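A short worksheet on the structure shown next.
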Amino acid sequence: MKGTKKKRKKVTTIEGLAELMVGEFGRVDGRLDKMDGRFDKMDGRLDKMDARFDSIDERLLSIEGELKSIRLSISVIEKRLDALEESVHNMRGYSKEIDDLRAQVRSLEARVAKCEAVEK
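Position 15 of the sequence shown, counted from 1, bears residue number 15 in UniProt numbering, the numbering being contiguous throughout.
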(Lines of atoms letter the chains of each structure in order from A and count residues from 1; the text may use other names and numbers.)
(Lines give C-alpha, C1' and ligand atoms only; values in the text may rest on other atoms or scores of the structure.)
Protein backbone atom coordinates (compact mmCIF):
# COMPACT_ATOMS: atom_id res chain seq x y z
CA MET A 1 0.00 0.00 0.00
CA LYS A 2 2.49 2.35 -1.15
CA GLY A 3 1.30 5.86 -1.97
CA THR A 4 -1.57 5.90 0.43
CA LYS A 5 -0.85 7.74 3.53
CA LYS A 6 -3.10 7.43 6.42
CA LYS A 7 -4.30 10.81 7.62
CA ARG A 8 -3.40 11.43 11.16
CA LYS A 9 -5.91 13.04 13.34
CA LYS A 10 -4.71 16.48 14.37
CA VAL A 11 -4.37 16.76 18.07
CA THR A 12 -5.38 20.10 19.55
CA THR A 13 -3.83 21.08 22.79
CA ILE A 14 -5.01 23.70 25.22
CA GLU A 15 -1.86 25.71 24.53
CA GLY A 16 -2.44 25.53 20.79
CA LEU A 17 -6.05 26.58 21.17
CA ALA A 18 -5.05 29.45 23.44
CA GLU A 19 -2.48 30.65 20.88
CA LEU A 20 -5.05 30.49 18.11
CA MET A 21 -7.60 32.43 20.16
CA VAL A 22 -5.09 35.10 21.18
CA GLY A 23 -4.11 35.57 17.54
CA GLU A 24 -7.72 35.88 16.41
CA PHE A 25 -8.59 38.27 19.23
CA GLY A 26 -5.59 40.39 18.24
CA ARG A 27 -6.85 40.63 14.65
CA VAL A 28 -10.36 41.51 15.81
CA ASP A 29 -8.93 44.14 18.17
CA GLY A 30 -6.94 45.66 15.28
CA ARG A 31 -10.06 45.84 13.13
CA LEU A 32 -12.00 47.48 15.95
CA ASP A 33 -9.24 50.08 16.34
CA LYS A 34 -9.50 50.92 12.63
CA MET A 35 -13.27 51.24 12.93
CA ASP A 36 -12.90 53.51 15.96
CA GLY A 37 -10.59 55.74 13.93
CA ARG A 38 -13.13 55.92 11.13
CA PHE A 39 -15.91 56.80 13.56
CA ASP A 40 -13.73 59.54 15.06
CA LYS A 41 -13.25 61.02 11.58
CA MET A 42 -16.99 60.86 10.95
CA ASP A 43 -17.67 62.60 14.27
CA GLY A 44 -15.31 65.39 13.24
CA ARG A 45 -17.06 65.79 9.92
CA LEU A 46 -20.47 65.84 11.58
CA ASP A 47 -19.27 68.52 14.01
CA LYS A 48 -18.12 70.65 11.07
CA MET A 49 -21.47 70.16 9.34
CA ASP A 50 -23.33 71.16 12.51
CA ALA A 51 -21.24 74.33 12.73
CA ARG A 52 -22.05 75.15 9.10
CA PHE A 53 -25.76 74.59 9.67
CA ASP A 54 -25.63 76.85 12.73
CA SER A 55 -23.98 79.54 10.62
CA ILE A 56 -26.64 79.16 7.93
CA ASP A 57 -29.41 79.40 10.54
CA GLU A 58 -27.91 82.62 11.89
CA ARG A 59 -27.67 84.10 8.40
CA LEU A 60 -31.27 83.14 7.62
CA LEU A 61 -32.47 84.81 10.80
CA SER A 62 -30.54 87.93 9.81
CA ILE A 63 -32.05 87.87 6.31
CA GLU A 64 -35.55 87.41 7.73
CA GLY A 65 -34.99 90.46 9.94
CA GLU A 66 -33.81 92.49 6.97
CA LEU A 67 -36.84 91.42 4.92
CA LYS A 68 -39.19 92.51 7.71
CA SER A 69 -37.40 95.85 7.83
CA ILE A 70 -37.70 96.26 4.06
CA ARG A 71 -41.43 95.39 4.19
CA LEU A 72 -41.94 98.00 6.91
CA SER A 73 -40.03 100.61 4.87
CA ILE A 74 -42.12 99.83 1.80
CA SER A 75 -45.29 100.28 3.84
CA VAL A 76 -44.08 103.66 5.13
CA ILE A 77 -43.15 104.76 1.59
CA GLU A 78 -46.57 103.77 0.28
CA LYS A 79 -48.31 105.79 2.99
CA ARG A 80 -46.14 108.82 2.23
CA LEU A 81 -46.88 108.42 -1.49
CA ASP A 82 -50.61 108.31 -0.76
CA ALA A 83 -50.32 111.52 1.28
CA LEU A 84 -48.21 113.18 -1.43
CA GLU A 85 -50.66 112.14 -4.12
CA GLU A 86 -53.51 113.73 -2.15
CA SER A 87 -51.51 116.95 -1.84
CA VAL A 88 -50.58 117.30 -5.51
CA HIS A 89 -53.66 115.71 -6.99
CA ASN A 90 -53.69 117.19 -10.50
CA MET A 91 -50.15 118.47 -11.02
CA ARG A 92 -48.63 116.67 -14.00
CA GLY A 93 -44.96 116.46 -13.03
CA TYR A 94 -45.65 115.21 -9.55
CA SER A 95 -48.19 112.68 -10.71
CA LYS A 96 -45.67 111.02 -13.04
CA GLU A 97 -43.02 111.01 -10.30
CA ILE A 98 -45.47 109.35 -7.90
CA ASP A 99 -46.32 106.70 -10.51
CA ASP A 100 -42.60 105.98 -11.01
CA LEU A 101 -42.09 105.64 -7.26
CA ARG A 102 -45.06 103.28 -6.99
CA ALA A 103 -43.56 101.14 -9.77
CA GLN A 104 -40.31 100.95 -7.80
CA VAL A 105 -42.23 99.98 -4.67
CA ARG A 106 -44.00 97.18 -6.60
CA SER A 107 -40.63 95.97 -7.87
CA LEU A 108 -39.24 95.90 -4.32
CA GLU A 109 -42.31 94.06 -3.07
CA ALA A 110 -41.85 91.44 -5.80
CA ARG A 111 -38.20 90.96 -4.83
CA VAL A 112 -39.11 90.59 -1.15
CA ALA A 113 -41.84 88.07 -2.03
CA LYS A 114 -39.35 86.10 -4.14
CA CYS A 115 -36.85 86.02 -1.26
CA GLU A 116 -39.55 84.88 1.15
CA ALA A 117 -40.61 82.12 -1.25
CA VAL A 118 -37.02 80.84 -1.41
CA GLU A 119 -36.87 80.67 2.41
CA LYS A 120 -39.86 78.37 2.60
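Where a beta carbon is used, it is the ideal one built from N, C-alpha and C, also for glycine.
In this text the structure is predicted, and so the values were computed from the model without any measurement.
Pairing residue 105 with residue 77 gives a Cβ-Cβ distance under 8 Å. The C-alpha of residue 66 is placed about 53 Å away from the C-alpha of residue 31. Within the segment 29-76, not a single complete alpha helix (DSSP H) segment reaches 4 residues in length. Separation of the CB atoms of residue 70 and residue 108 is rounded to 7 Å, and the pair is thereby assigned contact status at 8 Å. In this structure, the straight-line span from the alpha carbon of residue 42 to that of residue 54 is close to 18 Å. Just so you know, the alpha carbons of residue 52 and residue 72 end up roughly 30 Å apart. DSSP, read as helix, strand or coil, puts residue 91 in coil.
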